[in-house]
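What follows is the structure, encoded as structure tokens:
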């Protein structure tokens, strides 16, 4: 029987990655040359969003004729899946790579397994998520929610990307179904030098694959890439910004369902690569 590991530490040169399987198999720390990149705290770091991403409207989704209710953990919606609140078990671990899994359980109504793997080098981190079913097919989503520190000690991070469209956000914080031109966001400092929260809590489409660059001037340039085309950018907090590659848009269980079947699991990969400035 697989034992539970409190923390798994991976290293490659002077890069250190810490994964906390007990707290939702989230990355609790990513340090490059001694500099922490992720906001610290049990709710932060970088957690997997699975088996759905972002908000699911009123916590409801259908699978054919069956209607299912998820807990409203962000009323009036259900948000970010159940994986971040689950203890994961180890599948393997080496010096610079590891994998963990958990079996889907109540309140998720379908049986299956979720696996997350980590591969670290001195210049990159590759994350993979897979969802497989033990029986019935079901809609699902997967992705990641990293909390990158807005400031690493010098200037605020700059976010650069070229999306094809932005999903219009309704008053209920869900996409309306209308695609609009991408809007700008604040990347400024206050007169006292404090970070100023921006205006994004939005989903963008990148049909050639997610490709977002974060630059901390004179510190680090980090690029988030994924073959999948959806990314949510969140920068409304002063402490951190989020770049969230995912397999579908918020409320995608209802608007863009992607079925996990006995012969076709859901798989998504993202790679973070960095250059020191």
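In UniProt numbering, the protein residues as written are 1 to 277. Glycine residues also receive a C-beta, built at the ideal position from the N, C-alpha and C atoms. Since the model is a prediction, treat every value here as computed from it, not as a measurement.
Which residues DSSP lists as bridging residue i, in chain order
| i | result |
| --- | --- |
| residue 173 | Paired residues: none, contrary to the question. |
| residue 48 | 144 |
| residue 102 | 114 |
| residue 242 | 234 |
| residue 216 | 220 |
| residue 165 | 205 |
Whole-Å CB distance - residue i paired with residue j, under 8 angstroms assumed
| i | j | result |
| --- | --- | --- |
| residue 70 | residue 56 | 6 angstroms |
| residue 222 | residue 277 | Wrong, their Cβ atoms sit about 11 angstroms apart, outside the cutoff. |
| residue 120 | residue 10 | 5 angstroms |
| residue 50 | residue 13 | Incorrect: roughly 30 angstroms between the Cβ atoms, too far for contact. |
Residue burial classification, residue i (beta-carbon count within 10 angstroms, cutoff 16)
| i | result |
| --- | --- |
| residue 154 | exposed |
| residue 129 | buried |
| residue 160 | exposed |
| residue 167 | buried |
| residue 183 | exposed |
| residue 36 | exposed |
| residue 278 | There is no way to answer for residue 278, as the model of the chain reaches only from 1 to 277. |
| residue 158 | exposed |
| residue 268 | buried |
| residue 141 | buried |
| residue 241 | buried |
Local conformation of residue i per DSSP, three classes
| i | result |
| --- | --- |
| residue 43 | coil |
| residue 85 | helix |
| residue 254 | helix |
| residue 58 | helix |
| residue 157 | coil |
| residue 53 | coil |
| residue 10 | strand |
| residue 92 | strand |
| residue 78 | strand |
| residue 20 | strand |
Count the CB pairs spanning the stretch 221 to 236 and the stretch 259 to 266 that are closer than 8 angstroms, and state whether there are at least three. no
Would you say the stretch 174 to 184 touches the stretch 118 to 134, given that touching needs at least three Cβ pairs under 8 angstroms? no
Counting beta carbon pairs with one atom in the stretch 14 to 28 and one in the stretch 90 to 105, are three or more of them shorter than 8 angstroms? yes
Should the stretch 110 to 119 be regarded as contacting the stretch 134 to 151, the criterion being three or more beta carbon pairs within less than 8 angstroms? Taking 8 angstroms as the limit for Cβ pairs, the verdict is that the stretch 134 to 151 does touch the stretch 110 to 119.
Is the stretch 50 to 67 touching the stretch 89 to 100, taking contact as three or more C-beta pairs under 8 angstroms? no
Inspect the CB distances between the stretch 75 to 83 and the stretch 44 to 59 and report whether three or more fall short of 8 angstroms. yes
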